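Reviewing the structure listed below.
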Amino acid sequence: MLRPTVQRARIRSAVLASAAAALALALTGCSSSGSGSASADGKITLTVGTFGTFGYKEAGLYDAYMKQHPEITIKENPTTVEGNYWTALQTRLSGGGLDDVQALEVGRISLATSEDLADAFADLSDAPGVEKKNYLPWKWDQATTEDGRTIGLGTDVGPMAICYRQDLFKAAGLPSDPESVGRLWAGDWAKFVETGKRYQAKAPKGTYFMDSATGLFNAVVSSSPVQYYKGGKLAYKDSPSVRTAWDLAVKAVQGKTSQGLKMFDTPWQTAFSKSTFATTVCPSWQQANIQQFSGPDNKGKWNIAQPPAAGNWGGSFLAVPASGKHVEEARKLVAWLTAPEQQAKVFQKVGNIPANQAAYDLPGVVDYKNAYIGPGAATGRIFSTAAKAIKPAEIGPHAQDLTGAFGTGVQLMEQNGKSSEEAWNATVREIDSTIQ
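Next comes the structure, spelled out in structure tokens:
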């Protein structure tokens, strides 16, 4: 999904515990003042809280649903940055103002399904039209509590590829067709970093192999089934994927193959149009960023190759607060928005790969080709195939904050000139002081 997921860790465990208690109290004892309302003529307004780009408005889904249900008005309350959305949600948990439908990032879903918070959300497993078998099994399980309640329906997943500039690869003496490019680093992220050295040796003036070592770090971790947690416990210090990702990020920084940009910030966006980097880690939602920020002059210059390893970066859920004034209407809306036909339309419009695997064989997904990338890259086949190959990882309650903390740590090397040891130690201190 098109959303910035690399954020600085900012939610202290004490705040989370307080918010959990406040939410449990608020949602079991009273209704939210911010949820949708009914007018005198019986019409209902449902509010939907989102972050980034879920694609419902862009794909015309709200309008289509309201046409089918003239008694319903839908109002989306969007936030650009997920970290800001989550911070605001923490405040609203105790102060009221929850939406009828609340989006949840995958990095927060473990907290939402925890014993403290699970009762705050309605069970969606039996919402009208929902069929468990249609969803990717691991995606369904992520939002399911220990007692079998499913408190979120998956909207999308983030299967990864590598997007690269064909023209810059040619100029640096590297192959440029997707099959040959994929073979450069097949099966090993270390080969990806080594390819960066080859590129940099003959790079067009003012260009870098990759946009961000932070993106590289997150991609390596995201392609491992063991990430920040193991057996329900925080285990990032001993995680092989975290250490491998860190070491490779260090090599990219020291080899000056990364431009050192902070993903999603304005300079990163501008660098697309200036053509200053040749590759970016490319979850399915990254396609929209490439097209938006690269501009019309770079149409056809990007292409997509297989990544060194299959992995998932991002993906979200829609949940319904149990205290809402229109819980049943909200459940029906969530079920409809996450049905295969609607997820297929979102994919065609903004590139979000469906979490509902029944969408993969629908026309417009499996045969979809991106006119901007390639041109005509078979992104429907590439990303739907990659989605099926994802090996699910254990997602702990602070996964999103850990991602942000390590992103900040890598940036200490890229933007502040800190040594690997200094940056690692600063990251560990940050995590130990904010996450328990």
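One point on numbering: in our numbering, the residue at position 394 of the sequence shown is 383, and numbering is uninterrupted.
The beta carbon of each residue, even a glycine, is placed where N, CA and C say it ideally should be.
From a predicted model like this one, the values you see are computed outputs, not experimental measurements.
Check                                                                                                                                                                                : Outcome
Whose CA, out of Glu383, Ala376 and Gly385, lies closest to the CA of Leu125?                                                                                                        : Ala376
If contacts are defined as beta-carbon pairs under 8 Å, then Ile207 and Gly396 qualify, I think. What distance do you get, rounded to the angstrom?                                  : In the sequence on display, residue 207 carries Asn and not Ile. The pair is a contact, with the Cβ atoms about 7 Å apart (cut-off 8 Å).
Using the beta-carbon count (16 or more within 10 Å), is Ser408 buried or exposed?                                                                                                   : exposed
Can you tell which of Leu250, Ile379, Val417 and Asp136 has the C-alpha that lies nearest to the C-alpha of Leu127?                                                                  : The amino acid at residue 127 is misidentified as Leu; the sequence shows Trp. Minimum Cα distance to Trp127 is reached at Ile379.
Would you identify the three-state DSSP class for Val70, choosing helix, strand or coil?                                                                                             : coil
Is Asp89 near Thr36, with beta carbons less than 9 Å apart?                                                                                                                          : yes
Whole-angstrom Cβ separation of Val323 and Val339, contact assumed at under 8 Å?                                                                                                     : The pair is not a contact, with the Cβ atoms about 19 Å apart (cut-off 8 Å).
If contact is defined by three or more beta carbon pairs under 8 Å, each pair taking one atom from either stretch, is the stretch 307 to 321 in contact with the stretch 339 to 357? : no
I'd like the list of long-range same chain contacts for Trp325, defined as Cβ closer than 7 Å, with 5 residues on each side in sequence excluded.                                    : Tyr54, Gly118 and Gln331
Taking the DSSP output, what are the residues bridged to Pro296?                                                                                                                     : Answer is none; Pro296 lacks a bridge partner.
Ignore the nearest five residues each way along the sequence and tell me which others in Ile98's own chain have a CB closer than 8 Å to its CB.                                      : Gln131, Ala132, Gly141, Phe306 and Ile384
Measure from the alpha carbon of Asn73 to the alpha carbon of each residue in Met402, Gly393, Glu410 and Gly300, then state which is nearest.                                        : Gly393
On the three-state DSSP scale, how would you describe Asn278?                                                                                                                        : helix
Helix or strand or just coil, what does DSSP make of Ala139?                                                                                                                         : First, the amino acid is wrong: residue 139 is Thr here, not Ala. Thr139 falls in the strand class under three-state DSSP.
So who's on the other strand from Phe110, going by DSSP bridges?                                                                                                                     : Pro310
Okay, do the stretch 288 to 303 and the stretch 171 to 186 touch, 3+ Cβ pairs below 8 Å being the bar?                                                                               : yes
Determine the DSSP secondary structure at Val4, reduced to helix, strand or coil.                                                                                                    : Reliability of the predicted coordinates at Val4 is poor, the pLDDT of 37 falling under 50, and the value obtained from them is presented with this limitation in mind. The answer is helix: DSSP assigns Val4 an H, G or I state.
Indicate whether the contact test is met: 3 or more Cβ pairs, each with one atom in the stretch 398 to 414 and one in the stretch 198 to 205, closer than 8 Å.                       : yes
Once DSSP output is grouped into helix, strand and coil, what is the label at Trp291?                                                                                                : strand
In terms of alpha-carbon separation, which member of Gly41, Ala107, Gln57 and Lys191 lies closest to Glu65?                                                                          : Gly41
According to DSSP, is Gln216 part of a helix, a strand, or is it coil?                                                                                                               : coil
Around the Cβ of Arg418, are there at least 16 other Cβ atoms within 10 angstroms (buried) or fewer (exposed)?                                                                       : exposed
So, using beta-carbon positions, are Thr69 and Ala77 closer together than 9 Å?                                                                                                       : no
Go through its chain and collect everything with a Cβ distance to Pro329's Cβ below 7 Å, but skip five positions before and after it.                                                : Asn123, Pro343, Asn345, Ala347, Ala348 and Leu351
DSSP three-state label for Ala394, please.                                                                                                                                           : helix
If you drop the 5 nearest sequence neighbours on each side, which residues of the same chain put their C-beta closer than 7 Å to that of Glu47?                                      : Lys338 and Val339
Which one or two residues does DSSP pair with Lys222 in a beta bridge?                                                                                                               : Lys219
Enumerate, from N- to C-terminal direction, the unbroken alpha helix (DSSP H) stretches of 4 or more residues contained entirely within the stretch 118 to 164.                      : 126 to 131 and 155 to 160
Starting from Ala238 and walking both ways along the alpha helix (DSSP H), at which residues does that stretch end?                                                                  : Pro229 to Gln243
From Leu16 to Ala109, what distance separates their C-alpha atoms?                                                                                                                   : Annotation note: pLDDT 40 at Leu16 (below 50); position unreliable, no value reported.
How is Val90 classed by DSSP in three states: helix, strand or coil?                                                                                                                 : strand
Quick check on DSSP: helix, strand or coil for Tyr357?                                                                                                                               : coil
Bridge partners for Met199 per DSSP, in chain order?                                                                                                                                 : Ser247 and Thr268
Between Ala116, Thr102, Val170 and Ala161, which lies nearest to Gly137 when the distance is taken from Cα to Cα?                                                                    : Thr102
For Phe372, name the three-state secondary structure that DSSP assigns.                                                                                                              : helix
For the candidate residues Ala319, Lys321, Val355 and Glu317, whose alpha-carbon lies nearest to that of Lys334?                                                                     : Val355
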